[in-house]
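Numbering (this note's numbering), first residue to last: 135 to 355.
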Ligand code: DX5
Ligand code: ZN
């Protein structure tokens, strides 16, 4: 089976927050495809991270797409602000608002690409009726909230199931992304299961800027 080259999306959650602009520029230089930004509100998940002003400040430091993972509830109030700040892709959790379909439509109306994230306990069926309204499905291979957690191999079956569903529906262009505990070892299993994009924080930023290019290519092979 010929596999397409996976998109590598470093999560800046694992970067040096005192040098965020340089870190974003360094991962682009090292071959990253997207910048993954983890937005946490201290309510939907037990951690607090980055708001729209930080995304706006970082945007000029890279030309690759900004992939903003919104872990906040209610999420609808934030979508426009992140789009204005420079988000190209926005991914939401079905549990973070009452009307997933409306949220996805709004993201697309704003001119961004829309994604849905499935937590480890969230069934694949959560996207059944919005498959035509999304550009990306994110399989969470950890519970959201923190970087550096261990990969939940139970989620490989979910990746396979979503891959089969997308292919059966003729939606192979939908990005199938995996997030959490992705390392050179677990990356291979995700790609074998049908993922087309990998988010990685710890595995990309370990070792400092000199190691980023090597770390990124290690996830592709
Ligand atoms: C978890 C975040 C992930 C996380 C990945 O809530 O969505 O993007 O930063 O970090 P690692 O790769 O260290 O598991
Ligand atoms: Zn994420």
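Every residue, glycine too, gets a C-beta built ideally from N, C-alpha and C.
Exercise. When every heavy atom of ligand 2 is checked, does at least one fall within less than 6 Å of the C-beta of residue 227?
Worked result: Not one heavy atom of ligand 2 lies closer than 6 Å to the C-beta of residue 227.
Exercise. Can you name, in chain order, every residue of its own chain whose Cβ lies under 6 Å from the Cβ of residue 340, other than the five neighbours on each side?
Worked result: Non-local C-beta neighbours of residue 340 in its own chain, meaning closer than 6 Å and more than five positions away in sequence, are absent.
Exercise. DSSP three-state call for residue 183: helix, strand or coil?
Worked result: Reduced to three states, the DSSP call for residue 183 is coil.
For this session: Report the residue from 303, 184 and 178 whose alpha carbon sits nearest the alpha carbon of residue 149.
Result: With respect to the C-alpha of residue 149, the residue from 303, 184 and 178 having the closest C-alpha is 184.
Exercise. From 226, 154 and 324, pick the residue whose C-alpha is nearest to that of residue 291; which is it?
Worked result: Cα-wise, what sits closest to residue 291 is 324.
Exercise. Applying the criterion that 16 or more other CB atoms from any shown protein chain within 10 Å of the CB defines a buried residue, is residue 255 buried or exposed?
Worked result: For residue 255, the number of other beta carbons within 10 angstroms of its own is below 16, and it is reported as exposed.
Exercise. Measuring CA to CA, which of 232, 248, 156 and 289 is closest to residue 203?
Worked result: Ranked by how close their Cα comes to the Cα of residue 203, the residues 232, 248, 156 and 289 have 248 in first place.
Exercise. In chain order, what residues of the same chain have a beta carbon less than 7 Å from the beta carbon of residue 306, not counting five sequence neighbours either side?
Worked result: Closer than 7 Å at the Cβ level, and outside the excluded window around residue 306, lie 300.
For this session: Using only alpha-carbon positions, find the residue among 163, 177, 198 and 164 that is nearest to residue 171.
Result: Closest option to residue 171, Cα to Cα, is 198.
For this session: Output the distance between the C-alpha atoms of residue 296 and residue 316, rounded to the nearest integer angstrom.
Result: Looking at the two C-alpha atoms, the distance is approximately 18 Å.
Exercise. With distances taken between CB atoms, is the gap from residue 196 to residue 229 smaller than 7 Å?
Worked result: No; because the gap between Cβ atoms is not below 7 Å, this pair is not in contact.
Exercise. Any idea which residues DSSP pairs residue 171 with across the strands?
Worked result: Bridge partners of residue 171 according to DSSP: 202.
Problem set entry | residue 352: first and last residue of the uninterrupted alpha helix (DSSP H) it sits in | Segment 346-354, the alpha helix (DSSP H) holding residue 352.
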